[in-house]
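Numbers in the working numbering are just positions in the sequence shown, counted from 1, shifted up by 86. Cβ atoms here follow ideal geometry from the backbone N, Cα and C, with glycine treated the same way. All values reported here derive from a predicted model rather than from experimental measurement. One structure below.
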Amino acid sequence: MKLSDVALKVLKWFSLSVLMLANGALAQTTPRQVAITIDDLPYADARPCNEHETVANTKKLLEPIRAAKVPVVGFVIGERCGNLGPEERRDLLKMWMDGGAELGNHTWSHPDLNRVPLEEYEKEILATDEYLHHTIGPLKVRYFRPPYLHDGATAETKRLLQSFLTRHGYQEAPVTLDNNDWVFATAYRRAIKENDAALAERIEDAYIPYMESIAAFFERRSVEVLGRECPQVLLIHASRLNAKMLPTLLQMFRERGYTFVSLEQAMNDKCYRTPDTYVGRKGLSWIHRWGLARGKPIEPEPEEPVWVDKLSSQPLK
Numbered sequence: 087m088k089l090s091d092v093a094l095k096v097l098k099w100f101s102l103s104v105l106m107l108a109n110g111a112l113a114q115t116t117p118r119q120v121a122i123t124i125d126d127l128p129y130a131d132a133r134p135c136n137e138h139e140t141v142a143n144t145k146k147l148l149e150p151i152r153a154a155k156v157p158v159v160g161f162v163i164g165e166r167c168g169n170l171g172p173e174e175r176r177d178l179l180k181m182w183m184d185g186g187a188e189l190g191n192h193t194w195s196h197p198d199l200n201r202v203p204l205e206e207y208e209k210e211i212l213a214t215d216e217y218l219h220h221t222i223g224p225l226k227v228r229y230f231r232p233p234y235l236h237d238g239a240t241a242e243t244k245r246l247l248q249s250f251l252t253r254h255g256y257q258e259a260p261v262t263l264d265n266n267d268w269v270f271a272t273a274y275r276r277a278i279k280e281n282d283a284a285l286a287e288r289i290e291d292a293y294i295p296y297m298e299s300i301a302a303f304f305e306r307r308s309v310e311v312l313g314r315e316c317p318q319v320l321l322i323h324a325s326r327l328n329a330k331m332l333p334t335l336l337q338m339f340r341e342r343g344y345t346f347v348s349l350e351q352a353m354n355d356k357c358y359r360t361p362d363t364y365v366g367r368k369g370l371s372w373i374h375r376w377g378l379a380r381g382k383p384i385e386p387e388p389e390e391p392v393w394v395d396k397l398s399s400q401p402l403k
């Protein structure tokens, strides 16, 4: 072997070692971060709400949040659990606040902006804003999340909605770790209703690997789009499934090197100052939106197992 070949191999080895050390140092100084957000408060699963089920599963959802002091924003649908009395509904929201959650606005009845006039949609936002202030008292509600992540099928609708939110003191809450947890939750509700413990356990066993595949996918896409991993924002729903699986879900994120931060802290990262220029009828992760603005096509996200999807699409007996 020529001396020049040896020198070249040494140089390559040295360069690789430096790169690995640099990556290790970067991982230590910039740990992964995720903000947890929970939609469809006070309870996503039952309509009408069963008070006992709703209270029991709300307590279970909040236990790991309170124990680990995980910052959470919970997005309230104003009419949800409307079959319960005003005191019972107030107590449910206070449970969330006492558990450390900040409340956000998720409209009054979960309308789709693609299907209703903007004026009607704005009234839905104001109705929930008024309901929260009337029910809880003086309360600063900072964040709004559009149902289905639909925030403007035309540039004009998007501009007018953002202007409305700004005038009323709201920020639109982004989502980077978008997923179909609701598909698993619907299938899980079927298994519980049919007293099929084996099926419920099978759904539980499939849920966390799916959510981990979502995390891995958007971690990679964040690097491809932004050049680094952005603090993530996770969307899940206030469901019976998450009441059971949240401790395991949080542990999965810990094992991937995440710390839990507030939505405010996540959004303070400069990546969230990237303009969201997406206009369209789809509800997209902000990472997809930023990618489109940079000319990067959307890549297919991991999908839930076919059998879970089929279960969720069948009407409950």
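In the assembly as shown, W393 is an exposed residue. Its beta-carbon has fewer than 16 other beta-carbons within 10 Å. Within its own chain, the residues whose Cβ lies closer than 6 Å to the Cβ of A379, once the five positions on either side in sequence are excluded, are T363, listed in chain order.
Inter-segment contact for the region 227-245 and the region 352-368 is present: three or more beta-carbon pairs are separated by less than 8 Å. Burial check for S249: the Cβ neighbour count within 10 Å stays below 16, so the residue is exposed. H192 has its alpha-carbon roughly 27 Å from the corresponding atom of I289. Residue L246 holds the alpha-carbon nearest to the alpha-carbon of L199 among L246, N265, H138. Shown here, D125 sits in a strand according to DSSP, grouped into three states. Burial check for E280: the Cβ neighbour count within 10 Å stays below 16, so the residue is exposed. The alpha helix (DSSP H) runs lying completely inside the region 220-279 and spanning 4 residues or more are 241-253, 267-279, given in chain order. For the 8 Å CB-CB criterion, F230 and Y207 do not form a contact. Apart from sequence neighbours up to five positions away, the residues of its chain that approach L148 with a beta-carbon distance below 6 Å are G185, ordered along the chain. Short of 7 Å from the beta carbon of E139, and not among the five residues preceding or following it, lie these beta carbons of its own chain, in chain order: A132. The C-beta distance from E298 to M331 rounds to 12 Å, too long to meet the 8 Å contact threshold. Assigned with DSSP and collapsed to three states, T334 falls in helix. One thing to note: V162 has its Cβ no nearer than 8 Å to the Cβ of L204. Between the C-alpha atoms of G381 and Y293 there is a straight-line separation of about 32 Å. In the DSSP assignment, E173 falls within the unbroken alpha helix (DSSP H) covering 172-184. Closest option to S348, judged by alpha-carbon separation, among V309, Q318, Y129: Q318. A buried status is given to K244, since no fewer than 16 other beta-carbon atoms sit within 10 Å of its beta-carbon.
Within its own chain, the residues whose Cβ lies closer than 8 Å to the Cβ of V311, once the five positions on either side in sequence are excluded, are I373, W376, G377, R380, K382, listed in chain order.
The DSSP-derived three-state label of I322 is strand.
When the alpha-carbon of L321 is set against those of L263, F270, Q351, the nearest one is in L263. Residue nearest to G343 within the set M353, T252, A302 is A302 (criterion: CA-CA distance).
Between the alpha carbons of R307 and A142 lies a distance of about 37 Å.
Assigned with DSSP and collapsed to three states, A142 falls in helix.
Excluding sequence positions up to five before and after G171, its CB lies less than 8 Å from no other CB in the same chain. Taking a C-beta distance under 8 Å as the contact criterion, A121 and P157 qualify as a contact pair. Checking the DSSP bridge columns, you'll see Y344 partnered with R118.
Among the bridge pairs identified by DSSP, L189 is matched with G160.
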